[in-house]
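Residue numbers (our numbering): 635 to 900. For every residue, glycine included, the Cβ atom is placed at its ideal position computed from N, Cα and C.
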Ligand SMILES: [Zn+2]
């Protein structure tokens with residue numbers, strides 16, 4: 635053991651000094667080019683599976699999407715707010731959460747929203763085997779169909795993590811991957827404070843909009859026809875930002891549609 639470790643340690647400087655390692659440099663450039671390509675054109679990663687990054691329309695409509703539910707009491711509050719605002723949205727729900735709160739999943743559907751598949755366990759699909767992925771998809775499709783009486787046609791990979799292999803399994807399962815045009819970043823913890831109109835307080839009387847204003851600006855300024863907005867069933871900032879996002883976008887002449895309306899036509 636000692637001998638082999640020692641000889642390995644010596645071999646690296648020798649390889650370097652003899653210029654052998656230099657022969658790998660072109661591979662480094664290729665890798666860097668691929669890395670930058672993925673960074674600048676993330677669509678390429680999912681090109682095989684026809685991932686959707688925006689709706690195919692020139693109309694001034696956007697689709698709000700909420701990931702990671704159903705989750706009490708957040709989802710109930712979100713549903714009340716969406717009803718008050720007269721907005722229909724799309725919920726990418728997690729199978730295990732649907733299993734825990736089947737009535738809440740049903741309520742999302744009853745309110746006129748669209749449910750979509752966001753895996754069963756919220757695992758990184760690029761780390762699962764093909765069979766594990768199929769299992770995650772199948773269980774979640776069955777749960778949503780059973781409790782919400784909708785059979786999803788859209789899937790969003792947990793954490794946005796996907797690759798061509800994962801896309802192959804998704805396509806085979808008949809699901810269309812939907813990513814997003816605008817990431818509201820409503821999960822980001824920030825300390826910046828941007829007071830907004832009618833700023834709400836939580837149960838303890840604390841302002842909850844420490845970074846909601848940031849979320850609002852991000853979405854309202856970036857929206858364009860067919861934008862798909864990524865938000866979450868997660869924090870108070872999402873709820874605080876929502877009325878301002880809706881008001882801001884309506885001022886800019888935008889309407890709100892579900893993915894079914896956005897992709898299925900007008
Ligand atoms: Zn998620």
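Inspect the beta-carbon positions of residue 870 and residue 849 and report whether they are closer than 8 Å. Here residue 870 is taken as the residue at index 236 of the chain shown, counted from 1. Here residue 849 is taken as the residue at index 215 of the chain shown, counted from 1. The answer is no: Cβ separation not under 8 Å.
Taking one C-beta from the stretch 758-777 and one from the stretch 791-799 each time, how about it: are there three or more such pairs within less than 8 Å? Touching, yes.
- prompt: Beta-carbon separation of residue 783 and residue 743 under 8 Å?
  reply: To locate residue 783, count along the chain shown from 1; it is residue 149. To locate residue 743, count along the chain shown from 1; it is residue 109. Result yes, Cβ atoms of residue 783 and residue 743 sit closer than 8 Å.
- [ ] Spatial neighbours of residue 690 within its chain, please: CB distance less than 6 Å, with the 5 preceding and 5 following residues excluded, ordered by chain position.
- [x] Here residue 690 corresponds to residue number 56 of the chain shown, with the count starting at 1. Excluding residues within five positions, none has a Cβ falling inside 6 Å.
**Request:** Report yes or no: do the stretch 730-745 and the stretch 875-886 share at least 3 C-beta pairs separated by less than 8 Å?
**Result:** The count of Cβ pairs closer than 8 Å, one atom from the stretch 730-745 and one from the stretch 875-886, stays below three, leaving the stretches out of contact.
Item to check | Cβ-heavy atom distance, residue 797 to ligand 1, below 7 Å | outcome: By one-based count along the chain shown, residue 797 stands at place 163. False, no ligand heavy atom lies under 7 Å from that Cβ.
**Report entry** Cα-Cα separation, residue 772 to residue 709
**Finding:** One-based indexing of the chain shown puts residue 772 at position 138. One-based indexing of the chain shown puts residue 709 at position 75. Approximately 24 Å, taken between the alpha carbons.
By the three-class DSSP mapping on this structure, what secondary structure does residue 729 have? Along the chain shown, one-based indexing puts residue 729 at 95. In the structure shown, residue 729 sits in a helix (DSSP, three-state: H, G or I).
>> Distance check for residue 856 and residue 898, CA to CA, integer angstroms please.
In response: Within the chain shown, numbered from 1, the residue matching residue 898 stands at position 264. Within the chain shown, numbered from 1, the residue matching residue 856 stands at position 222. Counting only the Cα atoms, residue 856 lies some 23 Å from residue 898.
Requested in this report: Examine ligand 1 and report whether any of its heavy atoms sits within less than 7 Å of the Cβ of residue 629.
Outcome: An answer regarding residue 629 cannot be provided, because it is not within the stretch 635 to 900 covered by the chain.
**Request:** Scan the stretch 763-804 and note each continuous alpha helix (DSSP H) run of 4 residues or more that stays entirely inside, going in chain order.
**Result:** Taking only runs of at least 4 residues, the alpha helix (DSSP H) segments lying wholly in the stretch 763-804 are 764-782.
Could you tell me if the beta carbon of residue 792 falls within a distance shorter than 7 Å of some heavy atom in ligand 1?
Here residue 792 is taken as the residue at index 158 of the chain shown, counted from 1. Yes, the beta carbon of residue 792 sits closer than 7 Å to at least one heavy atom of ligand 1.
Beta-carbon within less than 7 Å of residue 781's beta-carbon, same chain only, minus the 5 sequence neighbours each way: which residues are those? The residue you call residue 781 lines up with position 147 of the chain shown. Cβ neighbours of residue 781 beyond the five flanking positions: 732, 736, 739 and 740.
(Q) Let me check understanding here. Comparing Cα to Cα, which of 765, 776, 788 and 693 lies closest to residue 725? (A) Here the question's residue 725 lines up with position 91 in the chain shown. Comparing Cα positions, the closest option is 788.
Beta-carbon proximity of residue 867 to residue 809, cut-off 8 Å:
The sequence position of residue 867 within the chain shown is 233, counting from 1. The sequence position of residue 809 within the chain shown is 175, counting from 1. The Cβ atoms of residue 867 and residue 809 do not sit closer than 8 Å to each other.
Candidates 717, 727 and 694: closest to residue 600 by CA position:
Shown here, the chain extends from 635 to 900; a query on residue 600 therefore has no answer.
Check your understanding: Across which residues does DSSP place residue 812 in a beta bridge pair?
Key -> Here the question's residue 812 lines up with position 178 in the chain shown. Under DSSP, the beta-bridge partners assigned to residue 812 are 686.
(Q) Quick check on the burial criterion: 16 or more other C-beta atoms within 10 angstroms. Buried or exposed for residue 707? (A) Sequence index remark: in the chain shown, residue 707 carries index 73 (1-based). Exposed, because fewer than 16 other Cβ atoms sit within 10 Å of the Cβ of residue 707.
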